[in-house]
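Going by this note's numbering, the residue at position 95 of the sequence shown is 106; the numbering climbs one at a time, nothing skipped.
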Amino acid sequence: MNSIKRFVILTLTTTLGVASLNAMADKRIAAASNQTWKAECGSCHVAYPPSLLPADSWHVLMSGLDKHFGVDASVDAKTAAEIDSFLQRNAGRNRGTSAKPILRITETAWFRHEHDEVGASVWKNPKVKTASNCAACHTGAEQGNYSERGIRLPR
Ligand code: HEC
Ligand code: HEC
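Spelled out as structure tokens, the structure:
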């Protein structure tokens, strides 16, 4: 291998290495978006980032929108197909071990771990109501931003 080639390869691996380290450092959530999804799935609660559940979970959720956590969130077949395909494409890894797909982000081991320092009194604050209410503490949740800098616990 000549020295120029070696230099190029070294520079490339260094740059890529730094980029992935940065991505890990601020645990950025992929900001995938789709207008239909945002309108339909962001009207009752924030449009939850697709990367926070695996593809299986989204598929089961999309197949039962008429019985969605006690409400009817159904959409026409064409809209459902578009949203399902968007969610499938941007879904997260399947980290679960159980056979049944988890339907709540807030019930994943990842979520519990990420929030294990949030005290019981914070969860019980009437301004929070439920852990599903991401926007109560994450001021950028509407825009899909969950970075630590945007966290404000309600008083
Ligand atoms: C008519 C209102 C409504 C619409 C529209 C709606 N949802 Fe929901 N969704 C709810 C309610 C109510 C809950 C339960 C919230 C709670 O337990 O506090 C929920 C919960 C969820 C949860 C679980 C949150 C958690 O606890 O981790 C997911 C995931 C979810 N919805 C996805 C979607 C998707 C995807 C769409 C669009 C296809 C959608 N929702 C549209 C009302 C709605
Ligand atoms: C009661 C307030 C509260 C609610 C509700 C809440 N979070 Fe959090 N979240 C926090 C706090 C506080 C942290 C920081 C925890 C720590 O690092 O000690 C955090 C951390 C995170 C992180 C990691 C941020 C980082 O850069 O380290 C993500 C991602 C996240 N939350 C997503 C969500 C999602 C998605 C929802 C809704 C399904 C949600 N949170 C609901 C308070 C909340």
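Yeah, the Cβ is synthetic: ideal placement off N, Cα and C, and Gly gets one too.
Roughly how far, in whole angstroms, is the beta-carbon of residue i from the beta-carbon of residue j, given that I think they are within contact range, below 8 angstroms?
| i | j | result |
| --- | --- | --- |
| E51 | V82 | Not confirmed; about 13 angstroms, so no contact. |
| P61 | A43 | 6 angstroms |
| W69 | L98 | 4 angstroms |
| L72 | A91 | 11 angstroms between Cβ atoms; not a contact. |
| I113 | W48 | No, I113 and W48 are not in contact; Cβ-Cβ is about 20 angstroms, not under 8 angstroms. |
Closest to residue i by C-alpha separation, out of the options, would be which residue?
| i | options | result |
| --- | --- | --- |
| S158 | T141, H149, V57, N105 | H149 |
| C172 | S132, R160, C145 | Because the chain in this structure spans residues 12 to 166, residue 172 falls outside the shown range and cannot be described. |
| R115 | T141, W134, V133 | T141 |
| L164 | H126, R100, Y59 | H126 |
| E118 | L64, T47, A58 | L64 |
Over the uninterrupted alpha helix (DSSP H) stretch that includes residue i, give me the two end residues.
| i | result |
| --- | --- |
| E51 | 46-52 |
List the residues that DSSP assigns as beta-bridge partners of residue i.
| i | result |
| --- | --- |
| P65 | G103 |
In chain order, which continuous runs of the beta strand (DSSP E) of length 3 or greater are located wholly inside the stretch 74-154? none
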